[in-house]
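Student:
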């Protein structure tokens, strides 16, 4: 999150390129961030790949439009100022001479069905037609088919469209969302996230948690405090990955607040968290929390299931507990690969059986890496000096 002046810290400037996707993604990783250095100010490109990526992206852009008062056709209401080149939402939208705001986004899928829903939906006039890219047939849930064969037919077109978007920037902006769009109290940017969350190159899988997730009926009778939503972030029910952090140790936590939140309440909530014995940190890393505060309250989509609340928090943490997800995945793979189930479909599209073994060995090494970072740096230190939080 970036503060009210929306300025970078030091000389750190870049392009953020966020991807949501599925295994059908054409020759692209499903989640990645690209940084370009160094140019003044910030703009972000979002690349949405595959069915899941396109559907998530469509929902995100609807939310962005609601937050900034942009109509489905890209126009601003007459009571809003048009043409302000420094307007904060220009990080995600480009503005035409006619005052239309166009998302800096590319949607990609190997078959047209899902993107056709965007082309014919409520926000069909919002997106640039050339940034909605589709192939003629999908990968049929076969990674090898998307990676080795039909994905290659579309990848050059996708990269060319991304290059054109980058070249259209007069300035390239970068930071974590949404403080590059709204005023905030504490500055947090993506470079700081990397520095705080990734102690080793292999240990780079953050666990995302969001609170509160409550219905309108429940919110009508209660309004959760800063302490309550902070505590909720450490509960497995609010996580985006199924694992239990109480069975692991935290290496780092980044808390991003929105709405009616003041630093004093955040400090008190974090102090309480540190006293809980169920929340443990590794002993070789300071138990610091990176905090960002953004004054803009969360926006909800009309007719949606989530209630409009005064404050919310998203936590990105690096915990050894996420190794549970790798172990679960490995177990399912082992059961199928022992019988060579479905392998012929992948080999038939250009993969080799050796790639499966190599990938399994890499996952085993990843599990081992997470196990090792969770081990105390001095054996028995907890018994001699007492546990630290």
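In the numbering used here, the protein residues as written are 17 to 405. Even glycine gets a Cβ: it sits at the ideal position worked out from N, Cα and C.
Sort out for me which residues DSSP pairs residue 308 with in a bridge.
Tutor: 272
Student: Do residue 133 and residue 177 have their C-beta atoms within less than 8 Å of each other?
Tutor: no
Student: Cβ atoms of residue 73 and residue 92: under 8 Å apart, would you say?
Tutor: Going by beta carbons, residue 92 and residue 73 fall outside the 8 Å limit.
Student: Please name the residue in 367, 81, 68 whose C-alpha comes closest to that of residue 160.
Tutor: Residue 367 is the option with its Cα nearest to residue 160.
Student: Could you tell me which uninterrupted beta strand (DSSP E) segments, each at least 3 residues in length, are contained entirely in the region 83-165, listed from first to last along the chain?
Tutor: Taken in chain order, the complete beta strand (DSSP E) segments of 3 or more residues contained in the region 83-165 are 109-111, 117-119, 121-125, 148-150.
Student: Using only CA atoms, which one of 181, 155, 249 lies nearest to residue 225?
Tutor: 249
Student: Quick one: what's got a C-beta closer than 7 Å to residue 213's C-beta in the same chain, skipping five residues either side?
Tutor: 222, 268, 270, 332, 334
Student: If you draw a straight line from the C-alpha of residue 216 to the C-alpha of residue 266, how long is it?
Tutor: 14 Å
Student: Is it right to say residue 89 is buried, meaning 16 or more other beta carbons lie within 10 angstroms of its own, or is it exposed?
Tutor: exposed
Student: Look up residue 229 in the DSSP assignment and say whether it is helix, strand or coil.
Tutor: In the structure shown, residue 229 sits in coil (DSSP, three-state: anything other than H, G, I, E or B).
Student: Nearest to residue 320 by alpha carbon, out of 162, 231, 392?
Tutor: Measuring from the Cα of residue 320, the nearest candidate turns out to be 231.
Student: Within 8 Å of any Cβ in chain B, is that where the Cβ of residue 289 sits?
Tutor: The displayed structure is made up of one protein chain only, and chain B is not part of it.
Student: In whole angstroms, give me the CA-to-CA distance for residue 316 and residue 82.
Tutor: 8 Å
Student: Closest by CA to residue 183, which one among 127, 67, 110?
Tutor: 110
Student: Can you tell me the Cα-Cα spacing of residue 288 and residue 338, whole angstroms?
Tutor: 24 Å
Student: Please name the residue in 125, 78, 253, 87 whose C-alpha comes closest to that of residue 167.
Tutor: 125
Student: Classify residue 253 as buried or exposed, calling it buried when 16 or more other Cβ atoms lie within 10 Å of its own Cβ.
Tutor: exposed
Student: Quick check on residue 190: does DSSP put it in helix, strand or coil?
Tutor: Interpretation of residue 190 is limited by its pLDDT of 36, a score under 50 that renders its predicted location unreliable; the figure taken from the coordinates is listed afterwards. Three-state result, residue 190: coil.
Student: Is the region 226-245 touching the region 272-281 in the sense that three or more CB pairs, one from each, lie closer than 8 Å?
Tutor: yes
Student: Could you say if the region 378-387 and the region 339-354 meet the contact criterion of at least three C-beta pairs nearer than 8 Å?
Tutor: yes
Student: Using the Cβ count rule (16 or more neighbours within 10 Å means buried), how would you classify residue 391?
Tutor: exposed
Student: Under a three-way DSSP split, which group does residue 239 fall into?
Tutor: coil
Student: Check for me: the alpha helix (DSSP H) holding residue 373 runs from which residue to which?
Tutor: 369-389 is the span of the alpha helix (DSSP H), which, as asked, contains residue 373.
Student: As a quick exercise: from 286, 374, 298, pick the residue whose alpha carbon is nearest that of residue 264.
Tutor: Nearest C-alpha to residue 264: 298.
Student: Indicate the three-state DSSP secondary structure (helix, strand or coil) for residue 174 in the structure shown.
Tutor: Of the three classes helix, strand and coil, the one that applies to residue 174 here is helix, per DSSP.
Student: Which residues share a DSSP beta bridge with residue 322?
Tutor: 231
Student: Under 8 Å by Cβ, that's how I've got residue 260 and residue 326 pegged, so tell me the actual separation to the nearest angstrom.
Tutor: 29 Å between Cβ atoms; not a contact.
Student: Excluding five sequence neighbours on each side, which residues of the same chain lie with their C-beta closer than 6 Å to the C-beta of residue 296?
Tutor: 265
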